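Notes follow the structure.
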Amino acid sequence: MTEIDPTTRRRIVDALREQRIETPSWGYGNSGTRFRVFPQPGVPRDPYEKVADAATVHRFTGVTPTVALHIPWDRVDDYAALAGYAAEQGIALGTINANVFQDDDYKLGSVTNPDPAVRRKAIGHLVECIDIMDATGSRDLKLWFSDGTNYPGQDSVRERQDRLADALRQTYDRLTGEQRLLLEYKLFEPAFYMTDVPDWGTAYAHCLDLGERARVVIDTGHHAPGTNIEFIVAFLLRAGKLGGFDFNSRFYADDDLMVGSADPFQLFRIMHEIVLSDALGPRHGVAFMLDQCHNIEPKVQAVIRSVLNVQEATAKALLVDVAALTAAQRSGDVLEANAVLMDAYNTDVRPLLREVRAEMGLDPDPVAAYKRSGHLERVSAERVGGDQAGWGA
Numbered sequence: 001m002t003e004i005d006p007t008t009r010r011r012i013v014d015a016l017r018e019q020r021i022e023t024p025s026w027g028y029g030n031s032g033t034r035f036r037v038f039p040q041p042g043v044p045r046d047p048y049e050k051v052a053d054a055a056t057v058h059r060f061t062g063v064t065p066t067v068a069l070h071i072p073w074d075r076v077d078d079y080a081a082l083a084g085y086a087a088e089q090g091i092a093l094g095t096i097n098a099n100v101f102q103d104d105d106y107k108l109g110s111v112t113n114p115d116p117a118v119r120r121k122a123i124g125h126l127v128e129c130i131d132i133m134d135a136t137g138s139r140d141l142k143l144w145f146s147d148g149t150n151y152p153g154q155d156s157v158r159e160r161q162d163r164l165a166d167a168l169r170q171t172y173d174r175l176t177g178e179q180r181l182l183l184e185y186k187l188f189e190p191a192f193y194m195t196d197v198p199d200w201g202t203a204y205a206h207c208l209d210l211g212e213r214a215r216v217v218i219d220t221g222h223h224a225p226g227t228n229i230e231f232i233v234a235f236l237l238r239a240g241k242l243g244g245f246d247f248n249s250r251f252y253a254d255d256d257l258m259v260g261s262a263d264p265f266q267l268f269r270i271m272h273e274i275v276l277s278d279a280l281g282p283r284h285g286v287a288f289m290l291d292q293c294h295n296i297e298p299k300v301q302a303v304i305r306s307v308l309n310v311q312e313a314t315a316k317a318l319l320v321d322v323a324a325l326t327a328a329q330r331s332g333d334v335l336e337a338n339a340v341l342m343d344a345y346n347t348d349v350r351p352l353l354r355e356v357r358a359e360m361g362l363d364p365d366p367v368a369a370y371k372r373s374g375h376l377e378r379v380s381a382e383r384v385g386g387d388q389a390g391w392g393a
């Protein structure tokens, strides 16, 4: 590893120790493609066992103290009790994710459906999710809508935007205290002709209209090939409207692979913009969440690997010599500016991360430590019977 002066090393170590990454409850369940879901042994059967797996990831990584819930996949009778159980396990319940895309009523959309009764049902679910936030102490409500149309002329584009704005306003006005609304966008799927929230600009415009506590979520897999995601990151940070990430990786579309697996350089570039804006720490309000479906990978191990990938990209971003980069940029030295960035990216930061983990009292190699722990073998023997958790497909 390139020699790092003590002051820089301390700054990087402190930043990495402060970093927080939220894991998704659905990442621990059975999930896959539209063609097949392959069940695995030891998969959680209820939200409590999902929380237990999330706590396991935190014990080995030290930087994943919250787990996101997805409603109704994680519905329980007593959310305060679930929050209490999470606390006993050493973590907390995080973002509440709404689901208005799997009921038969939503065939033509949820909050943008032409039927007022369906819209009322969908908005009722969004309000229910805020009720759950009240019980769990969660700060963020994350909304993704599959709403759209399959054919030209199927519905009015403008009226659907009006319906969307009305639903978002009703939901936003229900928030209290520090609660926030995070609006996600997706280029396509499942709507083939037009998606109602297809891009960051649409999400940004709605959040701007709603108010200070409405922000945009960037799912790194939800873009057309070649999209400059770090530009979107920089723009939203500048506008104070970046609420968080759903980290995953893709080769073709929304593949939901482990973050950093397809294009680690892109993840580095994204984290570079975060570091430049001093938006890495929890106090800055950018939620770093994983949103992945592990179809053929062991669940907990895959989540741990994803966390490590984010940490590596972050460490490299923290290594960028900002003073040298700025000087090269302002002098118009194109190649030198690029070289400064590439020097940081090409640095092997794994030894540094091992030091960070040792300083935190963790095993320097979380994956190896997890495999030695026997967790998978233990839960495979314990979690026999009942229905394994899945994504509801």
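Residues in the sequence shown are numbered consecutively from 1, following the UniProt record's numbering. No residue lacks a Cβ here, since even glycine has one placed at the ideal position from N, Cα and C. What you are looking at is a predicted structure, and each value in this text was computed from that prediction instead of being measured.
For R305, which residues of its own chain have a beta-carbon under 7 Å away from its beta-carbon, when the five flanking residues on both sides are left out? M258 and V367
Output the boundary residues of the alpha helix (DSSP H) element that contains V233. I229 to A239
Run through the DSSP bridge pairs and tell me what S249 is partnered with. L257
Cα-Cα separation between M1 and V322, rounded to whole angstroms: Only weak support is given to the placement of M1: the predicted model assigns it a pLDDT of 43, under 50, and the value that follows is read from those uncertain coordinates. Their Cα atoms are separated by approximately 19 Å.
Length of the line joining the Cα atoms of D333 and L237: 26 Å
Would you list the one or two residues that DSSP bridges to D219? D246
Do the CB positions of V157 and Y185 come within less than 9 Å of each other? no
Restricting to Cα atoms, I'd like to know which of L280, E377, E382 and L335 is closest to V63. L280
Rounded distance between the beta-carbons of R213 and Q170, thought under 8 Å: Going by Cβ atoms, the distance from Q170 to R213 rounds to 15 Å, so no, they are not a contact pair.
Contact under 9 Å by Cβ, L181 with L210: yes
C-beta contact flag for Y28 and P41 at 9 Å: no
Between the C-alpha atoms of E297 and E159, what's the straight-line distance to the nearest angstrom? 43 Å
Within 10 angstroms of the Cβ of F60, are there 16 or more other Cβ atoms? Answer buried if so, exposed if not. buried
Taking the Cβ atom as the reference point for each residue, do L362 and A369 lie within a distance shorter than 9 Å? yes
Would you mind stating whether L164 and V111 have Cβ atoms separated by less than 9 Å? yes
According to the neighbour-count rule (16 or more other Cβ atoms, all chains shown, within 10 Å of its Cβ), is Y204 buried or exposed? buried
Are the Cβ atoms of T66 and K142 separated by less than 9 Å? no
Pop quiz: T220 and F245 are said to be a contact at Cβ under 8 Å. What is the actual Cβ separation, rounded to whole angstroms? 7 Å
Give the list of continuous alpha helix (DSSP H) stretches no shorter than 4 residues that lie fully inside the region 84-166. 116-136
Give the secondary structure of N338 by DSSP, where H, G and I count as helix, E and B as strand, and everything else as coil. helix
Three-state class that DSSP yields for T33 in the structure shown: coil
Residues sharing a beta bridge with R180, DSSP: D140
Determine the contact status of residue 413 and H70, defining contact as a CB-CB distance below 9 Å. Here the chain has residues from 1 to 393 only, and residue 413 is not among them.
Of the choices A83, D278, K316 and T33, whose alpha-carbon is the least far from that of L267? K316
Is the number of C-beta pairs between the region 287-302 and the region 19-37 that are closer than 8 Å three or more? yes
S146 and P190 - do their beta-carbons sit closer together than 9 Å? yes
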